[in-house]
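J.: Sharing a structure here in structure tokens format.
Chains as they are written, first to last, in the working numbering: chain A, 1 to 315; chain B, 1001 to 1315.
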């Protein structure tokens, strides 16, 4: 009985960590990191082995002044060979900007919570689906090569609405896949997921996602981000979002953790023998610089304090 | 393929959380919690639903003055109906004291790391096995009913020795089970385990443990305690050690987390629909009192800050 679990054939040997610090992290931190520092950040992340980075958002600068330099940051990221830089876009206008900039990938948020969708975008989930279809039409009409990824946010529950029905998540994924998007991810935006929930929801969504669901986005609000990553790994999920230093958090919960901490996730994967291409010591060094760029901000994670186990120390 | 994981038949429906705060937690904290406070702590833990509590150690008071009142604390715990109170004993002398006090259970540490065993007990693992056999003989000779549990410490690695061979853990478990101990647990004493390691080691040990291995003890030094619990749950492990507020840590790593935080573990299990009999709000209230009893000490965990999800708030 146990051999089956020990050698789970679904557990991947290679995993991609997508860095979200510059977007999901910074969007919930009021202070503005200078553009020059962001470019150093991206260079250091790249040097540490990161090959997928979400560099910002094309939202109005008055809403998120800390991401107002996204076009410039994206342009720098595009000079690094083999780096896939993505941007978040909340609507067609943002998508047009992303395509004008030849972004390789754009992330479109779609709340599975009706209440969260209305609060965040002033649209119902189905109205957002219509926007996504329009964005896909516009992309195809101009022959742009920008990939469209839909991030299903509040997929595991919502601070406003509470419970989110898995059936609604399944319906939305089925719908956007039918609309021709390139990829879908499931996001635990508020840290409500547990490992059983993760396995149950991914198991329900995978069959309708036609191979387009390969990414999990877990916040560490209640300390379960890495347990949730492990749960998803066991179903064969191969891509995870993370923020260096676990930055991000929630404006309504001061001090609360944000995304899974990149360096902790990289450590867990390396310890498990799963290749992710990350140089953990370089990530820890970058974490220190991010701390300097965000004075007074509480960073999270655990590896920075404990260091690597003796069994994993560089020779 | 996914149904199998979603409805893993090995995942238990009931789990016991054994509280280790008063022993594993306090033993690595220099300040002394007054006996009266310890009794209040045990009463509050009991009222929160805890039914297994390790209340102290029978070690010389000059070594661990903070646990010098173990006999008195144990006597109080024995007045609470249905509470299983255990004590740690490092040798025959400690075991005699435990039996004199009619302790229901005694925990005997056995380091799988040769170097750790020498540093901690000045004995090789095989010499400790001989002590365990002598303790079992003494127990049987006096007809005492005190259960003997062996905690295999540094089972996943050691800060002194580095790697610990799984084969050595298997050998030691096989040996102590043959010596007639009542229970065995595997402990990640220094936070080196990852979920893959947990599944691999438990899978190797379970077949030789003859039903006596049901407990995992995971430190959160590198943020993986709850992921490791989940990994063990998937193999059918039904008992986990934890410390309220994640106290404990390591004297060599200031600020580092200790055991899995009881309240966070209780939350994860409840969210997963696994019964553990814990009143989470009562645990959070107890955590606050423990914080007062340990002024200046850094407590850990995440739930205390974020609170329960809206989906789990008491009606």
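Note that CB positions come from ideal geometry on N, CA and C, so glycine has one too.
Given residue 1012 (chain B), which residues of its chain have a CB within under 7 angstroms of its CB, disregarding the five upstream and five downstream residues?
T.: 1233, 1236, 1238, 1274
J.: Measure the C-alpha to C-alpha separation of residue 1221 (chain B) and residue 264 (chain A) and round it to an integer number of angstroms.
T.: For residue 1221 (chain B) and residue 264 (chain A), the distance between alpha carbons rounds to 11 angstroms.
J.: Suppose contacts are defined by Cβ-Cβ distances below 7 angstroms. Is residue 1056 (chain B) in contact with residue 1073 (chain B) by that definition?
T.: yes
J.: Shorter than 7 angstroms from the beta carbon of residue 151 (chain A) to some beta carbon of chain B?
T.: no
J.: Relative to the C-alpha of residue 308 (chain A), which residue among B:1224, B:1110, B:1207, B:1148 is closest?
T.: B:1224
J.: Are the region 1127-1143 of chain B and the region 1168-1183 of chain B touching, with three or more C-beta to C-beta distances below 8 angstroms?
T.: yes
J.: Where does residue 122 (chain A) land, buried or exposed, given buried means 16+ other C-beta within 10 angstroms?
T.: exposed
J.: Can you tell me where the beta strand (DSSP E) with residue 149 (chain A) in it begins and where it stops?
T.: 147-153
J.: Contact criterion: CB-CB distance below 7 angstroms. Does residue 1297 (chain B) meet it with respect to chain A?
T.: no
J.: What first and last residue would you give for the beta strand (DSSP E) that runs through residue 90 (chain A)?
T.: Per DSSP, residue 90 (chain A) belongs to no beta strand (DSSP E) and is neither H nor E.
J.: Looking at the strands, I want to know which residues DSSP matches up with residue 113 (chain A).
T.: BP columns for residue 113 (chain A) are empty, so no partner.
J.: Would residue 1245 (chain B) pass as a contact of residue 1305 (chain B) if the rule is Cβ separation under 7 angstroms?
T.: no
J.: What residues in the region 1226-1240 of chain B have a beta carbon less than 9 angstroms from any beta carbon of chain A?
T.: 1226, 1227, 1228, 1229, 1230, 1231, 1233, 1234, 1235, 1236
J.: Using a Cβ-Cβ cutoff of less than 8 angstroms, which residues in the same chain neighbour residue 1243 (chain B) once the five nearest sequence positions on both sides are dropped?
T.: In its chain, beyond the 5 residues on either side, 1019, 1020, 1021, 1024, 1025, 1258, 1259, 1260, 1261, 1262 have a beta carbon closer than 8 angstroms to the beta carbon of residue 1243 (chain B).
J.: Please compile the residues from chain A whose C-beta is within a distance smaller than 9 angstroms of the C-beta of residue 1359 (chain B).
T.: Outside the modelled stretch of chain B, which goes from 1001 to 1315, sits residue 1359 (chain B), for which no answer is possible.
J.: Among the residues of its own chain, which have a CB less than 8 angstroms from the CB of residue 1282 (chain B), if the five just before and after it don't count?
T.: 1044, 1047, 1048, 1049
J.: Taking 8 angstroms as the limit between beta carbons, can you name the residues of its chain near residue 303 (chain A), skipping five residues before and five after?
T.: 261, 263, 264, 267, 280, 284
J.: Below 7 angstroms CB to CB, which residues in the same chain sit around residue 1157 (chain B) once its five sequence neighbours on both sides are set aside?
T.: 1163, 1164, 1190, 1192
J.: For a cutoff of 7 angstroms on Cβ pairs, would you count residue 163 (chain A) as touching chain B?
T.: yes
J.: Assuming contact is defined by CB atoms lying nearer than 7 angstroms, are residue 249 (chain A) and residue 28 (chain A) in contact in what I supplied?
T.: Result yes, Cβ atoms of residue 249 (chain A) and residue 28 (chain A) sit closer than 7 angstroms.
J.: Going by other Cβ atoms of all chains shown within 10 Å of its Cβ, with 16 needed for buried, is residue 149 (chain A) buried or exposed?
T.: buried
J.: Here's the rule: buried if 16 or more other CB atoms are within 10 angstroms of the residue's CB, otherwise exposed. What is residue 130 (chain A)?
T.: exposed
J.: Between the alpha carbons of residue 1310 (chain B) and residue 152 (chain A), how many angstroms are there, rounded?
T.: 19 angstroms
J.: Pull up the distance between the alpha-carbon of residue 228 (chain A) and that of residue 109 (chain A), whole angstroms please.
T.: 20 angstroms
J.: DSSP three-state call for residue 1017 (chain B): helix, strand or coil?
T.: strand
J.: What number of angstroms, rounded off, separates the C-alpha of residue 103 (chain A) from the C-alpha of residue 276 (chain A)?
T.: Residue 103 (chain A) and residue 276 (chain A): Cα-Cα distance of roughly 23 angstroms.
J.: As a quick exercise: from B:1101, B:1090, B:1094, B:1142, pick the residue whose alpha carbon is nearest that of residue 1117 (chain B).
T.: B:1090
J.: Residues bridged to residue 57 (chain A) by DSSP?
T.: A:88
J.: Among the candidates A:8, A:10, A:39, A:15, whose CA atom is the shortest distance from the CA of residue 278 (chain A)?
T.: A:15
J.: Please determine if the region 79-99 of chain A and the region 55-71 of chain A are in contact, where contact requires at least 3 C-beta pairs separated by less than 8 angstroms.
T.: yes
J.: For chain B, is any of its Cβ atoms less than 7 angstroms away from the one on residue 264 (chain A)?
T.: Chain B, which has a Cβ nearer than 7 angstroms to the Cβ of residue 264 (chain A), makes this yes.
J.: To test your reading of the DSSP string, which unbroken beta strand (DSSP E) runs of 3 or more residues are found completely within the region 130-199 of chain A?
T.: Taken in chain order, the complete beta strand (DSSP E) segments of 3 or more residues contained in the region 130-199 of chain A are 147-153, 183-188.
J.: Nearest CA to the CA of residue 119 (chain A): which residue from A:9, A:160, A:64?
T.: A:160
J.: Buried or exposed: where does residue 98 (chain A) fall if 16 or more other Cβ atoms within 10 Å of its Cβ makes it buried?
T.: buried
J.: Run the CB neighbour count on residue 186 (chain A), radius 10 Å, all protein chains shown included, and call it buried at 16 or more, exposed below.
T.: By the neighbour-count criterion, in which 16 or more other beta carbons inside 10 Å mark a residue as buried, residue 186 (chain A) falls on the buried side.
J.: According to DSSP, residue 1248 (chain B) sits in a beta bridge with which residue or residues?
T.: Note: residue 1248 (chain B) sits in no beta bridge, so no partner.
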